[in-house]
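Shown next, in structure tokens, is the structure this report addresses.
There are 2 protein chains.
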Amino acid sequence: MLTLYHHPFCPFSRTVRIAFGEYGLNAEFVEERPWERRREFLIVNPAGSLPVMIDGDGAAICGVRPVLEYLDETRGAELDGRRLLPATPRERAEVRRLMDWFDLRFNAEVSDYLLTERIYKRFMTPEQGGGPPDSSAIRAGRANIRYHLHYIGWLAGRRNWLGGDDLSFADLAAAAHLSCIDYLGEVPWEEFEPAKAWYARVKSRPSFRPLLVDQIAGMTPSRTYVDLDF
Amino acid sequence: MLTLYHHPFCPFSRTVRIAFGEYGLNAEFVEERPWERRREFLIVNPAGSLPVMIDGDGAAICGVRPVLEYLDETRGAELDGRRLLPATPRERAEVRRLMDWFDLRFNAEVSDYLLTERIYKRFMTPEQGGGPPDSSAIRAGRANIRYHLHYIGWLAGRRNWLGGDDLSFADLAAAAHLSCIDYLGEVPWEEFEPAKAWYARVKSRPSFRPLLVDQIAGMTPSRTYVDLDF
């Protein structure tokens, strides 16, 4: 049995949860609020970041990229056509480039601004960085997302999936970030039809369903969040 | 023949250069100043970041993690005992955790502050972000490095190399970041003997030598930078 330390609105954790669904893996989920810097959690992952996966034998795998590579190495070969990293080194490099694109660049330019200001801060004490949202950070996230939606549409127009012929970790990473932001109603889908069409395909997969039932206390999801025909 | 787009004081590029040395790979090096956002370079890597490796067949591999994984996949198997990712998934996950530690965390908390303020800004126009160094950013980098040197010493005291029994990408990443900062004389080696002893072992490897001849115009390296017996 796998255990995943995660937060329901951590995009990196969501990527792993979708991967579990695609791979047909069951796991026990432990919600962690990384800003609390819980001592027992820091012993497991000194970086204090999410996600952390505990494999059946007790090994802790820390960080979204190490977890996804580990899943591919330990479960990928059995999956054949459903493998989420392609077969050749060059194709794998392209998927990894896009994983970095979403987990580093999209995160720094969009997710981190919007999720910190609009979600995480609600749960943080002042000492942990809580407080009223910073409107200039929110404005930056709202401006930057447009460029990324354009790029997603550009990729989706040239390939079957973002990283190549098959669904891959690149799609999972991109969709995980967007799903958190979509909850907030911050994705201008109507202006970016190709990105919307790609997202609708990922969102309709059974692996995505568990994410759509997550709720933030006191904050209703946007109209588009759960609707598969948004 | 491989080509590497790099900058001499980009820690991510340096990690790949040391890996080339360990693997006995020759490459052509093209210096890139990513802050110039050169159009031809953005076509190769839309993220505009370093390093980018062009393999003999023209494939562009973008980003330090994709490049290192690609090198392991395409050249690792021939290397036997000199492979820089371990054999088992669990050991590989530990090396990848530490790659993330240095490339994300150490970079954000130390390298990015010190290298941007003390090196890159000297070459940037005001429009590119150039200008006088921000002393509060430098102070933050100087404070944060101590915690990381402590952690390196802690790891080195428990293992043969940072990531396990053998030299790995984790050592290369850590040493690449530290080497840039050491040029600036910003590493308080004397207070962190275990980290220093580990760094001396990496620094004395033939793969490291090409880095030690890099110079910044108008800025002499620190006393400890070239000295193998610092």
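First to last, the protein sequences are chains A and S. Heads up, the first sequence is in the working numbering, so the first residue is 1 and it goes up one at a time. Heads up, the second sequence is in the working numbering, so the first residue is 1001 and it goes up one at a time. Backbone N, C-alpha and C define an ideal beta-carbon position, used for all residues, glycine too.
Proximity winner among A:R142, A:R159 and A:P194, relative to E186 of chain A (alpha-carbon distances): A:R142
Given 8 Å, three or more beta-carbon pairs between the segment 1004 to 1012 of chain S and the segment 1049 to 1056 of chain S: yes
Inter-stretch contact at 8 Å, needing at least 3 Cβ pairs: the segment 1180 to 1200 of chain S / the segment 1102 to 1117 of chain S: yes
Residue-chain proximity (P1194 of chain S, chain A), Cβ-Cβ < 7 Å: no
Given H148 of chain A as reference, the closest of A:Y199, A:F29, A:K121 and A:E78 once Cα atoms are compared: A:Y199
Other residues of its chain near R1024 of chain S: CB distance less than 7 Å, five sequence neighbours each side excluded: Just to set this straight, residue 1024 of chain S is Gly in the shown sequence, not Arg. None.
Helix, strand or coil at G164 of chain A [DSSP, three-state]: strand
Test: I1138 of chain S CB closer than 7 Å to a CB of chain A: no
Nearest to V1016 of chain S (by Cα), restricted to the options S:G1048, S:L1084, S:A1140 and S:V1213: S:L1084
Within-7 Å CB hit, C62 of chain A to chain S: yes
Within 7 Å, strictly: CB atoms of F1169 of chain S and L1068 of chain S: yes
Counted within 10 angstroms of its Cβ, other Cβ atoms place G63 of chain A as buried (16 or more) or exposed: buried
Below-7 Å beta-carbon distance, D1112 of chain S vs any chain A residue: no
Residues that DSSP places opposite L1002 of chain S in a beta bridge: S:A1027
Assigned secondary structure, A175 of chain A (DSSP; H/G/I helix, E/B strand, else coil): helix
C-alpha gap between R1096 of chain S and D166 of chain A, whole angstroms: 25 Å
Option in A:A156, A:E94 and A:A60 with minimal Cα separation from P1089 of chain S: A:A60
Short CB-CB distance (under 7 Å) between A1093 of chain S and chain A: yes
Beta-carbon proximity check, L1228 of chain S vs S1207 of chain S, cutoff 7 Å: no
Burial state of P1034 of chain S, where buried means 16 or more other Cβ atoms lie within 10 Å: buried
Residues from the segment 46 to 78 of chain A in contact with chain S, defined by Cβ distance under 7 Å: A47, A59, I61, C62, G63, R65, P66, E69, Y70, E73 and T74
Reference R65 of chain A, options A:L155, A:I43, A:D134 and A:W101, closest by Cα: A:W101
Whole runs of the beta strand (DSSP E) within the segment 12 to 72 of chain A, excluding any shorter than 3 residues: 27 to 31, 52 to 54 and 60 to 62
Closest by C-alpha distance to F1230 of chain S, when choosing among S:W1161, S:A1197 and S:A1175: S:A1197
Range of the contiguous alpha helix (DSSP H) that encloses T1224 of chain S: R1223 to V1226
Buried or exposed (CB count within 10 angstroms, at least 16 for buried), A1077 of chain S: exposed
Continuous alpha helix (DSSP H) stretch holding R83 of chain A: start and end: That residue, R83 of chain A, is in no alpha helix (DSSP H); it is neither H nor E in DSSP.
Start and end residues, alpha helix (DSSP H) containing E1190 of chain S: Element bounds for E1190 of chain S: n/a, residue is neither H nor E.
Those runs of the alpha helix (DSSP H) which lie wholly inside the segment 91 to 135 of chain A and span at least 4 residues: 112 to 115
Span separating the alpha-carbon of G48 of chain A from that of E36 of chain A: 9 Å
Per DSSP, cross-strand counterpart(s) of I1138 of chain S: I1138 of chain S is not bridged to any residue.
Beta carbon proximity, P206 of chain A to chain S, threshold 7 Å: no
Where D1171 of chain S meets chain A, residues with beta-carbon distance less than 9 Å: By Cβ distance, chain A contributes nothing, its closest Cβ being about 17 Å from D1171 of chain S, past 9 Å.
Within chain S, partners of P89 of chain A - CB distance below 7 Å: Y1070, E1073 and T1074
Extent of the continuous alpha helix (DSSP H) to which L1079 of chain S belongs: Neither: L1079 of chain S is in no alpha helix (DSSP H) and is coded neither H nor E.
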